[in-house]
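Asker: Have a look at this one.
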Amino acid sequence: MTADPTGAPARPRSATTAMLDVRGLQKIYEGRGRSVEAVRDLTFTVAAGELVCIVGPSGAGKTTLLRCIAGLLDTTAGEVVLEGERVTGPPPGMAVVFQEYGRSLFPWMTVRQNVELPLKEKKVPKDRRRRLVQDSLEAVGLADAQDAHPWQLSGGMQQRVAIARAVAYEPHLLLMDEPFAAVDAQTRADLEDLVRSLWQRLGVTVLFVTHDIDESVYLGQRVIVLSNSPTVVLEDVPIDLPAERDQLTTRSLPRFAELRSHVYELIQLAKSGHRPA
Amino acid sequence: MSLMNAARKILLALAVPVLLVAGWWLATAGSASFFWPPLGQILTAFADTWFSARFVTDVLPSLGRLLAGYLGAVVLGVALGTAIGSSRTLRGLLEPVLEFFRAIPSPVLVPILMLFAGIGDGMKILVIVSGCVWPVLLNTVEGVRALDEVLGDTARSYRMRRHSRLIHLVLPGAGPQIAAGARQALSIGIILMVISEMFAASNGLGFTIIQFQRSFAIPQMWSGIILLGLVGIVLSMAFRAVEARLLRWYTGLRTAQREG
Amino acid sequence: MTAATLGRRSPPPSWLLGLAGLAGLVGIVELAPRAGLVDERYLPPFSAMAAALAEQAATAEFWRSLLETLRGWATGLAIAMVAGVALGLVIGGVPPLRAALNSTIEFLRPIPSVALIPLAVLLFGTDMRSTLLLVVYASFWQVLVQVLYGVRDVDPVARETARSYRFRPFTQVRTVIWPTALPYVMTGFRLGAAVALILEITGELIIGSPGLGRQIAVAQTSGAVAAMYALVIVVGLIGVTVNVAARATERRALRWHPSIRRDLAG
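Top to bottom, those sequences are chains A, B and C.
Here numbering that gives the first Met the number 0 is used: the first residue of the first sequence is 0, the next is one more, and so on.
Here numbering that gives the first Met the number 0 is used: the first residue of the second sequence is 0, the next is one more, and so on.
Here numbering that gives the first Met the number 0 is used: the first residue of the third sequence is 0, the next is one more, and so on.
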């Protein structure tokens, strides 16, 4: 169960160590003659091995936040610290799964080449590279599609490839930016379970951004609810559901309904412009 | 069934060209007109003229210069276009200048480049390079500029290094645009090959054909026109074959998008 | 990475950059020959070109040539447009015809127009009709091929609908085919306009039919290098104008157009 399919030794990190530390993050977009404050002041931490969901009303600057954490965007103030290192560009121990699966895979490469490319960049030796690619594609159920091109696959399968690529990279932190917003409901449920099981198996830290309240409660150990823009943290909701979750039983638990209603209320508050005192 | 289909397709593709050639043949069969000699006579002239030493002294040098100039232009255009397309400042600075150079009808470069490079092979290759480079360059700039942002973010987040971003992201991503530019450049290249030889040369296809015309060797002139036509057709077919191979992913992607 | 980025985020506007680029080009052309980097006999300084241009502009010959060039270009383009659109609609609108002619078009299109130069000279001498033949031939294919793309793009459902209401052929063309094909016709116009100018100048230069191209050849043979460059600049400016105007016409004609246009690069 806990065996790492990639063969990497488990990281000797206790659950209390901060994997990610976001302190006073602010982002102002400077335009011609006017500036827009997308994110005002965000502070939170994610412990190693945690699965945290970030949820907020649309336009809450979720993607901005994620791009700042990923080192793809400079912050205006505050800082992002990953494993004790301040993030100034894309850090080595991180992988991102984007919402636009169709645009994040290289259409001129096969599935295998897509998964393998970041490993080549990381100079992983050939044998190990091959095994990582094989294992990760098996883990997402796409071992047979290695030689296909991404555009020959369905949307859900393309997103699986993107997940396999991220997993094969053996990141310490896996960022997911509304990864299932553009797939159909059934596929979505399958992919949610895939993320849960990969997280449990690999012990990777996951930060999952979504606008879907059910999804955030179902997936997360914690749900961080954001205000509307300029964004601050509205509430950090611990999700005390059992660790073993499945679509049918977990979603029908009374506690699930309570948590869901609570987050729903918070989102409604956020939409109406409510901010913490 | 599919064999029948294929046979029908081939028949359909060949029907009109065959009819046209037959029509030409019949219409000129008994022709006594000086300008329009019988097709049979033109074909005999074709064999006599081009399946001879001329092939080595005129056809091959022309094609060699075209190939050298064209490939040079593609390499130069892609290299400069990638550099310019990657930098917003460089793009803003050079866009009007490039628009101007592109708008100059490239044949006027022949008299200018003759000043610098005389009338030898160097001049002709230079003319072809400087005419073909613009469509490649401008299309590359456009292709690099329009690269998908998400793909760029993906490459950055996986810490892809500069040269591997170039090889795995920028060049293939701009590939379809580069190919469009290279296709335009090819027809310009053929024009310039002929023009530069007509203007000033001692050998080559353009030179020979003009000589035929001036000495009123009409069937030979016609055979030259046919040969130029064939060169155009063969090169465009070769281009399409290479393009289809290199951009197979793009064709597939487009088909998938259209159906989806 | 914080305060520093704030100040950096304001690049100069692109028109200013573009102007700087052009000024840079003029500066290089002025200074390189003066500094002896290139032989002044081959590349005279920009000021000399400008002076030669002013001199040219004072002659009637220059204006007559300019007019000849524009006239040849416009006539050739107009003929190519009419022929290309008419034939395109007919061929594209009648599927069996299209299937039969497809290969022929693919064969004839890549034949370089300059191959016709000797024939044109033989038929028309150095008359403007020689050049016109080249211009029409070259731009005709650009227009025809675009119109064929356009007709192929017509929604089959719309076409079936028109047929089921027993629209007459002309009405079908007017209400269904033409609106869909229009963007492609405009693209054909833009491409054809550029190609027509190239062949117009080429014809004048090589055949010697009247126009700016012939003036360039004359300047070259008489060793008037600065004048030659001046004429090349004029031709380039005409080219820019043609491109910009064709693009503007295309955009204008399509502003009201409902269909979303897939950009067929080139």
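Glycine residues also receive a C-beta, built at the ideal position from the N, C-alpha and C atoms.
The structure presented is a predicted model; accordingly, all values stated were derived computationally and were not measured.
Taking the straight line between their C-alpha atoms, what separation do you get for residue 213 of chain B and residue 23 of chain C?
Answerer: In a straight line, the C-alpha of residue 213 of chain B is about 45 Å away from that of residue 23 of chain C.
Asker: Compute the Euclidean distance between the alpha carbons of residue 151 of chain A and residue 201 of chain C, then round it to the nearest angstrom.
Answerer: Straight-line Cα distance between these residues: approximately 47 Å.
Asker: In chain order, what residues of the same chain have a beta carbon less than 7 Å from the beta carbon of residue 129 of chain C, not counting five sequence neighbours either side?
Answerer: Correct list, in chain order: 119, 120, 123, 202, 206 and 208.
Asker: Which residues in the same chain as residue 25 of chain C place their Cβ atom closer than 6 Å to its Cβ, once the five residues preceding and following it in sequence are excluded?
Answerer: Hits under 6 Å: 45.
Asker: Please say whether residue 142 of chain C and residue 300 of chain C have beta carbons closer to each other than 7 Å?
Answerer: The structure shown has nothing for residue 300 of chain C, since chain C only spans 0 to 265.
Asker: Is residue 117 of chain C close to chain B? Criterion is C-beta to C-beta, closer than 7 Å.
Answerer: True, the Cβ-Cβ gap to chain B drops below 7 Å.
Asker: Following the continuous alpha helix (DSSP H) through residue 70 of chain C, name the residue where it begins and the one where it ends.
Answerer: 59-92 is the extent of the alpha helix (DSSP H) around residue 70 of chain C.
Asker: Within the same chain, show all residues whose beta-carbon is closer than 7 Å to that of residue 172 of chain A, passing over the 5 residues directly before and after it, in chain order.
Answerer: Contacts found: 18, 19, 81, 92, 93, 204 and 206.
Asker: Within a Cβ cutoff of 6 Å, which residues of the same chain sit near residue 103 of chain A, ignoring the five residues on either side of it in sequence?
Answerer: Here the set comprises 97 and 161.
Asker: One question on the structure: do residue 70 of chain A and residue 88 of chain A come within less than 7 Å of each other, judged by their Cβ atoms?
Answerer: Yes, Cβ-Cβ distance for residue 70 of chain A and residue 88 of chain A is below 7 Å.
Asker: My assumption, with CB atoms under 8 Å, is that residue 22 of chain A sits in contact with residue 231 of chain A. Please give the rounded CB distance.
Answerer: Contact flag wrong, Cβ pair sits at about 13 Å.
Asker: Could you name the residues of the same chain whose beta carbon sits closer than 7 Å to that of residue 43 of chain B, not counting the 5 residues immediately before and after it, in chain order?
Answerer: Around residue 43 of chain B: no qualifying Cβ.
Asker: Within the continuous beta strand (DSSP E) that includes residue 213 of chain A, where are the two ends?
Answerer: Looking at the DSSP string, residue 213 of chain A is not in any beta strand (DSSP E); the run it does join, the alpha helix (DSSP H), is 212-218.
Asker: Please name the residue or residues paired with residue 176 of chain A in a DSSP beta bridge.
Answerer: Bridge partners of residue 176 of chain A: A:208.
Asker: Rounded to the nearest angstrom, how far is the Cβ of residue 244 of chain A from that of residue 195 of chain A, given a contact under 8 Å?
Answerer: Confirmed, about 6 Å.
Asker: If the cut is a Cβ gap below 7 Å, which residues of chain E does residue 235 of chain C touch?
Answerer: Among the protein chains in the structure shown, which are A, B and C, there is no chain E.
Asker: Alpha carbons only, please: which of B:121, B:117, B:84 and B:29 is nearest the one belonging to residue 61 of chain B?
Answerer: Considering only alpha carbons, the answer is B:121.
Asker: Against residue 227 of chain C, what residues of chain B qualify as contacts under a CB-to-CB distance less than 9 Å, listed in chain order?
Answerer: Near residue 227 of chain C (Cβ distances below 9 Å), the residues of chain B are 107, 110, 111 and 114.
Asker: With a 10 Å radius around its C-beta and 16 neighbouring C-beta atoms as the bar for buried, classify residue 71 of chain C as buried or exposed.
Answerer: The residue is buried, with at least 16 neighbouring Cβ atoms inside 10 Å.
Asker: Residue 175 of chain A: which of A:63, A:90 and A:95 sits nearest, CA to CA?
Answerer: Among A:63, A:90 and A:95, the Cα nearest to that of residue 175 of chain A belongs to A:95.
Asker: If contact means a Cβ-Cβ distance below 9 Å, which residues of the segment 68-91 of chain A contact chain B?
Answerer: Listed by position, the residues of the segment 68-91 of chain A near chain B (Cβ gap below 9 Å) are 69, 70, 71, 88, 89, 90 and 91.
Asker: Answer yes or no: does any C-beta atom of chain B fall closer than 7 Å to that of residue 162 of chain A?
Answerer: False, the Cβ-Cβ gap to chain B never drops below 7 Å.
Asker: Which same chain residues end up closer than 6 Å to residue 163 of chain A when comparing Cβ atoms and leaving out the 5 residues on each side of it in sequence?
Answerer: Contacts found: 114, 135, 136 and 139.
Asker: Specify, as a first and last residue, the run of the beta strand (DSSP E) that residue 38 of chain A falls within.
Answerer: That run of the beta strand (DSSP E) goes 34-46.
Asker: Residue range of the beta strand (DSSP E) that residue 25 of chain A falls in?
Answerer: Residue 25 of chain A -> beta strand (DSSP E) spans 17-29.
Asker: Name the DSSP beta bridge partners of residue 225 of chain A, please?
Answerer: According to DSSP, which records beta bridges pairwise, residue 225 of chain A is partnered with A:232.
Asker: Beta carbon of residue 100 of chain C, beta carbon of residue 115 of chain C: below 7 Å?
Answerer: No, Cβ-Cβ distance for residue 100 of chain C and residue 115 of chain C is not below 7 Å.
Asker: Residue 138 of chain C and residue 212 of chain C: beta carbons closer than 7 Å?
Answerer: For residue 138 of chain C and residue 212 of chain C, no; Cβs fall outside 7 Å.
Asker: Ends of the alpha helix (DSSP H) at residue 77 of chain A?
Answerer: Where residue 77 of chain A is concerned, there is no enclosing alpha helix (DSSP H), although the beta strand (DSSP E) it sits in stretches over 76-81.
Asker: Note down, in chain order, each residue of its chain lying with its Cβ closer than 8 Å to the Cβ of residue 243 of chain B, except the 5 sequence neighbours on either side.
Answerer: These residues qualify, in order along the chain: 250.
Asker: Give the residues of chain A in contact with residue 149 of chain B, contact being defined as C-beta atoms less than 8 Å apart.
Answerer: The answer, in chain order, is 97, 99, 102 and 103.
Asker: May I ask you to verify whether the segment 152-170 of chain B touches the segment 95-109 of chain B, counting CB pairs closer than 8 Å and requiring at least 3?
Answerer: They do not touch, by the three-pair rule.
Asker: Find the nearest neighbour of residue 222 of chain B within the set B:18, B:90 and B:37, judged by alpha-carbon distance.
Answerer: Comparing Cα-Cα distances from residue 222 of chain B to each of B:18, B:90 and B:37, the minimum goes to B:37.
Asker: Using CA coordinates, which residue listed in C:171, C:204, C:148 and C:145 is at the minimum distance from residue 160 of chain C?
Answerer: Residue 160 of chain C has its Cα closest to that of C:171, out of C:171, C:204, C:148 and C:145.
Asker: Quick one: residues in its chain with C-beta nearer than 6 Å to the C-beta of residue 80 of chain C, no 5 flanking neighbours on either side, listed in chain order?
Answerer: 142.
Asker: Would you please state the rounded distance, in angstroms, between the beta carbons of residue 143 of chain B and residue 81 of chain B? I believe it to be under 8 Å.
Answerer: Contact flag correct, Cβ pair sits at about 6 Å.
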